[in-house]
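Asks: My structure is below; once you've seen it, I'll send some questions.
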Amino acid sequence: MEKLIVIGGGAAGMTAASWARRLKPNMDIIVFEATRMVSHAPCGIPYYTEGLFNDENLFMTYTPEYFKEKRKIDVKINTRVVEVNLKDRNIVIFENLEKKKYEFDYLVLSMGARPKRIDSEGEKILYVHHPADATQIRNELWSSSRIAIIGGGILGIEMAEALQARGKKVILIHRGKYLLNRMLDEDMGKIVTEKVMSEVEVKLNESLVEIKNGGKLIITDKGKYEVDATVVAIGVEPNIDVVKGQIKIGETGAIWVDDHMRTSVPNVYAAGDAAESVNIITKKPDWIPFAPVANKMGFVAGNNIGGKEVVFPGVVGTVITKFKEYIIGKTGLTENEARRYGIKTVSAIVRHKTRARYYPGGKDIIVKLIAEENSMRIIGAQIIGEEEVLGRLNMLAAVVQKGFTAEELFFVETGYVPPVNRVWDVVTLAARKLYTGVGGE
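Residues 56 to 496 in our numbering are what the sequence shown lists, from first letter to last.
And the structure:
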């Protein structure tokens, strides 16, 4: 009987195991998960911190028991893989204080990502990353009055919103000149920054030097701040130490894979945040550590292990978040990213309303489109709005992935009904502005 071992029971790992099971009903499949949760949703932690829900089990799409009973997948929770021997095709865990070895025919590496850490240590220095730690983190933050957040990326602003909603005094410290600077260009980022600054104390262009007193004293290159606790949100990195030196690592620092999710070692696959991908626009290595990509990578790995050929096309970097009433989305390249790849761009920004003039409740929405200068192919888009952002972002992700030009996007036959948009949709107007050089309604 063929044996499949999956290391990591997150989105990619459980998807890979499930699809392998579907295609090979008799395969022996074991998933090793270091925490008590599988099929979990780290993106829910800020909303749990805010108190929008209290049941930890809601972090899991399915429980370990479900996988065991319904899908016949042996899930071993609270079990950390301490050694992987790719040459001899086995892994080692600690069980009852003793080392235990498991052999495999197929292996899926889906260990995910881990938060980037700072040099300082302390009980009040918190890293928001895994749902298994969410209650402990929430208890620490709920018992604190004044909280510093280091990092103005997606997690930083989401945690700022959550804590401000709990009545906490928040100091958000960011080394960039505007928030979400890895996600948005400056013209769009400044809009978000102004909104966040109206709600919480923001310190821009400040770099962390040191955290003292166990997390209660923040020292930057511009000042000192006394707080009750500190949330460090400076990004994540691939969690791949267990296989380093045995497998090809890509340019991004994640595990190199081909378009079947195969690694450089036969019958060893990688998926999710542990795996590198290829950017569809640039054709260069890329790393997008988000759940939708992880799930699809797991789908591809599981199908190929199961004997059905499926190809992963690559990524375009679609990201969405929110702060208060602002929903913020990005797909494709920013102008800053395009510049780093030597791509000359043109762009257009259009501010519009989400509903017909006569229909009550219309909200502001701003769309920025970015095109390659010569071909006018759409290579990126950014949206800020109070409603109807996700649908437009998803359409634009498809447009970027398939290489539509500004003219082709302009002529996309979009829907129209007064309660949810205007007859000239904001995306259509932005495409027209690129296509013709004429702005406005």
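The beta-carbon is built from N, C-alpha and C at its ideal position, and this holds for glycine as well. Every value quoted in this text rests on a predicted model; they were computed, and no experiment measured them.
Quick check: the Cα distance between Pro473 and Ala411, rounded to an integer number of angstroms?
Replies: Approximately 5 Å between the Cα atoms of the pair.
Asks: Taking 8 Å as the threshold, find out whether the segment 231–245 comes into contact with the segment 205–217 through three or more Cβ pairs.
Replies: The answer is yes - the segment 205–217 touches the segment 231–245, with three or more Cβ pairs under 8 Å.
Asks: Using CA atoms only, rank isn't needed, just tell me which of Arg395, Leu227, Glu364 and Arg193 is closest to Asn109.
Replies: With distances taken between Cα atoms, Asn109 lies closest to Arg193.
Asks: Reducing DSSP to helix, strand and coil, say where Pro368 ends up.
Replies: Of the three classes helix, strand and coil, the one that applies to Pro368 here is coil, per DSSP.
Asks: Kindly indicate the opening and closing residues of the beta strand (DSSP E) around Asp83.
Replies: Asp83 to Phe87 is the span of the beta strand (DSSP E), which, as asked, contains Asp83.
Asks: Using the three-state DSSP reduction, which class does Leu218 fall into: helix, strand or coil?
Replies: Residue state, collapsed to three classes: helix.
Asks: Going by the CB atoms, is the gap between Ile295 and Tyr161 shorter than 8 Å?
Replies: In this structure, Ile295 does not lie closer than 8 Å to Tyr161 by Cβ.
Asks: Of the residues Lys339, Glu392, Ile173 and Tyr396, which one's Cα is nearest the Cα of Gly269?
Replies: Nearest C-alpha to Gly269: Ile173.
Asks: Can you tell me whether Gln301 is helix, strand or coil according to DSSP?
Replies: Reduced to three states, the DSSP call for Gln301 is coil.
Asks: Could you give the C-beta distance for Thr13 and Thr386, rounded to a whole number, given that I count them as a contact under 8 Å?
Replies: Residue 13 is absent from the model: the chain starts at 56 and stops at 496.
Asks: Would you mind giving the Cβ-Cβ distance between Leu266 and Val183, rounded to the nearest angstrom? I have them listed as a contact below 8 Å.
Replies: A quick correction: the sequence has Ile, not Leu, at residue 266. Between Val183 and Ile266 the Cβ distance is about 16 Å, and since that is not below 8 Å, they are no contact.
Asks: State buried or exposed for Asp480, treating a residue as buried only when at least 16 other CB atoms are found within 10 Å of its CB.
Replies: Buried, since its Cβ has 16 or more Cβ neighbours within 10 Å.
Asks: Roughly how many whole angstroms lie between the Cα atoms of Leu451 and Ala309?
Replies: Rounded to the nearest angstrom, the two C-alpha atoms are 27 Å apart.
Asks: If you reduce the DSSP assignment to three classes, tell me which class Asn145 lands in.
Replies: Of the three classes helix, strand and coil, the one that applies to Asn145 here is strand, per DSSP.
Asks: I'd like the list of long-range same chain contacts for Arg201, defined as Cβ closer than 6 Å, with 5 residues on each side in sequence excluded.
Replies: Excluding residues within five positions, the ones whose Cβ falls inside 6 Å are Lys224, Val282 and Asp283.
Asks: Pull up the distance between the alpha-carbon of Glu442 and that of Thr376, whole angstroms please.
Replies: Each residue's alpha carbon lies about 12 Å from the other.
Asks: Around the C-beta of Glu213, are 16 or more other C-beta atoms found within 10 angstroms, so that it is buried, or is it exposed?
Replies: So Glu213 counts as buried.
Asks: Measuring alpha carbon to alpha carbon, tell me which of Leu59, Ala89 and Tyr102 ends up nearest Met82.
Replies: Measuring from the Cα of Met82, the nearest candidate turns out to be Leu59.
Asks: Does the Cβ-Cβ distance between Arg221 and Glu111 come in under 8 Å?
Replies: No, they are not a contact pair.
Asks: Which same chain residues, not among the five before or five after Ile521, have their C-beta less than 6 Å away from its C-beta?
Replies: Here the chain covers residues 56 to 496 and nothing more, so residue 521 does not appear.
Asks: Going by alpha carbons, who is nearest to Gly435 out of Arg77, Leu239 and Tyr121?
Replies: Of the candidates Arg77, Leu239 and Tyr121, the one whose C-alpha sits nearest the C-alpha of Gly435 is Leu239.
Asks: Classify Ala453 as buried or exposed, calling it buried when 16 or more other Cβ atoms lie within 10 Å of its own Cβ.
Replies: Classification for Ala453: exposed.
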